[in-house]
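Some notes on the structure that comes next.
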Ligand code: OTU
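Numbering (the working numbering), first residue to last: 6 to 656.
Here's what the structure looks like:
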């Protein structure tokens, strides 16, 4: 019945389409629209059906899709068809990512184009260029306060520089990943400016309130994201004489998705960038898209409906384009951003594996893998056509957002344990080698997060300062150990620029008044290319890290068992310092890889006979994928030196 309604509506809409649009050859467009229309209509109706202008908004939506389809370049349309045919293409072990700032790694987009060969040398083929859209000076949140979604920020380059970069990347068979900041705009965006000037049409793009009544109700249950520098979730705007919802910084105005015009504008922006050749879109802060009084205003059901709608629409115009969900939320919530259908991702094909990231940092600090094992065991299975983005560090802080029940299960008290982690990584815990900083301490809740570069958090900086060769060596081993896990876990590993050569905290941000109050800048370095050159000089830290990572990346790419087809089994070891799993080649089940890591600073044993997979019992046949050698066995047990990892298969 409902399908008939949607069919007849689609017929009406097609009759009403702008004459220019109906002239075009829209064969693929109509096939895809027909296939997705019932879903699109149902979602749009669920979100906006009560409105008087529902039908005209629905027409706007379809016209937007048609216009962007017509604008989609032929080469990208051809790519769409190839990717539709091979629809699990992104689960391959051959993908290898890096996130970088074009003006940190390089001097802007044009210079970045000249440095692609360095990335290729390491094996990177999935390149996340951190936000490059226009932002106001000073009030930019590192690119996440966008004032024009269709312009490149002049500080990094121009649209034509991006086009050159994108071509350079495509030539080398790499993928381009860009951010779309869906949740908010800068207060200097045209829409915000018009709202400030009194245009109610644009005030409806945001959450604006004349009195504190509604804001106060919201505040009762909303959290604070940046309590130290942007307390509260509403900001008084003197021009409008109204309160505006500003969940992040005061200059980041939350978009109001109860207004279908906002949805259509943002969809148009997604499709605009899809048509510029972006392969993958990182959708920022997706958990925040829908606000409801009486809730935390995160992970709301409607936020998921919006993402499904974005996905279904994008599938009509640019089915080759993937979405990454950036939802740094509780473990059971993150997984929902793939969609909750049985097999196919209906929201985002890729999601940041923030749970794994935080658990890795727990294992480093505690020198054991109890919580890491428990936290991963509790993680629900993900969909088949969906994959993780596995990372150790990124441009943001580290939050210890694992599940309280898991923390208790392994014998810690959640509050005290998190406090320990914050103390450990800020270097306040006796004996900690870490040199990080506390980010956004909230005295009301006691919450705090951590800033700092991988190398500084892991102990490399302190070891270098103390000229302690042994500690330097251990820090290098820990960096490699963490990477061995994100490379083998299943999903796309995402390196963070600079980590491949052990870049330390960069405190120059303190001299810039626009950055000084946000210590996340300490781990957004300007790369020193003299240090990069040291990767070719034997004996240097840069050499040891870069060359080993390069080798590991090459091994990953040639190991089909590392592709992500839900082919991982955690292993239960009888030694809490060890963590491991078995990966199986989904096309050849006998082809298995045993991954084991030692999180302790003392050597540890693994009794191989405890493994259920009997093929790993024959120790003589074990072979290291990286060195080609047989691993160390003592009294029938596998021996791992401090912070050693092994990727083993059976020859
Ligand atoms: C994201 O961050 C970005 O990665 C940050 O760099 C931005 O400041 C922020 O959005 C606003 O655009 O929203 O879902 O704790 O982890 O704010 C998670 C800070 C986000 C970030 C969090 C995150």
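A virtual CB, placed ideally from N, CA and C, is assigned to each residue, including glycine.
The structure presented is a predicted model; accordingly, all values stated were derived computationally and were not measured.
Near the ligand OTU: residue i beta-carbon under 7 angstroms from a heavy atom
| i | result |
| --- | --- |
| residue 332 | yes |
| residue 186 | yes |
| residue 253 | yes |
| residue 149 | yes |
| residue 235 | no |
| residue 659 | Summary: the structure shown does not reach residue 659, with the chain confined to residues 6 through 656, and so no result is reported for it. |
| residue 454 | yes |
| residue 230 | yes |
| residue 457 | no |
| residue 404 | yes |
| residue 391 | no |
| residue 292 | yes |
| residue 289 | yes |
| residue 158 | no |
| residue 146 | yes |
Sub-8 angstroms separation of residue i and residue j beta-carbons
| i | j | result |
| --- | --- | --- |
| residue 456 | residue 509 | no |
| residue 363 | residue 328 | no |
| residue 365 | residue 397 | yes |
| residue 567 | residue 602 | no |
| residue 275 | residue 185 | yes |
| residue 507 | residue 547 | yes |
| residue 587 | residue 577 | no |
| residue 109 | residue 502 | yes |
| residue 333 | residue 356 | no |
| residue 10 | residue 317 | no |
| residue 137 | residue 158 | yes |
| residue 323 | residue 85 | yes |
| residue 247 | residue 293 | no |
| residue 624 | residue 580 | no |
| residue 320 | residue 56 | no |
| residue 236 | residue 229 | yes |
| residue 331 | residue 290 | yes |
| residue 118 | residue 164 | no |
| residue 565 | residue 595 | no |
| residue 428 | residue 254 | no |
| residue 425 | residue 336 | no |
| residue 642 | residue 606 | no |
Whole-angstrom C-beta distance between residue j and residue i, which should lie under 8 angstroms
| i | j | result |
| --- | --- | --- |
| residue 101 | residue 75 | Not really, about 35 angstroms apart at Cβ, beyond 8 angstroms. |
| residue 211 | residue 260 | 7 angstroms |
| residue 560 | residue 630 | 5 angstroms |
| residue 402 | residue 361 | Going by Cβ atoms, the distance from residue 402 to residue 361 rounds to 16 angstroms, so no, they are not a contact pair. |
| residue 558 | residue 127 | 6 angstroms |
| residue 505 | residue 554 | 5 angstroms |
| residue 582 | residue 373 | 5 angstroms |
| residue 484 | residue 463 | 6 angstroms |
| residue 497 | residue 131 | 6 angstroms |
Cβ-based burial, residue i [other Cβ within 10 Å; buried from 16]
| i | result |
| --- | --- |
| residue 6 | Its pLDDT being 48, under 50, residue 6 is placed unreliably in this model, and the coordinates cannot settle the point. |
| residue 196 | buried |
| residue 227 | buried |
| residue 4 | Because residue 4 is not part of the residues shown, which for the chain are 6 to 656, the question remains open. |
| residue 534 | exposed |
| residue 201 | buried |
| residue 176 | exposed |
| residue 349 | exposed |
| residue 634 | exposed |
| residue 353 | buried |
| residue 435 | exposed |
| residue 193 | buried |
| residue 400 | buried |
| residue 482 | buried |
| residue 142 | exposed |
| residue 563 | exposed |
| residue 325 | buried |
| residue 167 | buried |
| residue 106 | buried |
| residue 222 | exposed |
Residue i CB to nearest heavy atom of the ligand ATP below 7 angstroms
| i | result |
| --- | --- |
| residue 30 | This structure lacks the ligand ATP; its bound ligands are the ligand OTU. |
Could you tell me whether the segment 294 to 313 touches the segment 57 to 72, using the rule of 3 or more Cβ pairs below 8 angstroms?
no
Counting Cβ pairs, one atom from each stretch, are 3 or more of them under 8 angstroms apart for the segment 272 to 282 and the segment 166 to 184?
yes
Can you confirm whether the segment 481 to 492 touches the segment 68 to 88 when touching is taken to mean that 3 or more C-beta pairs between the two stretches lie within less than 8 angstroms?
no
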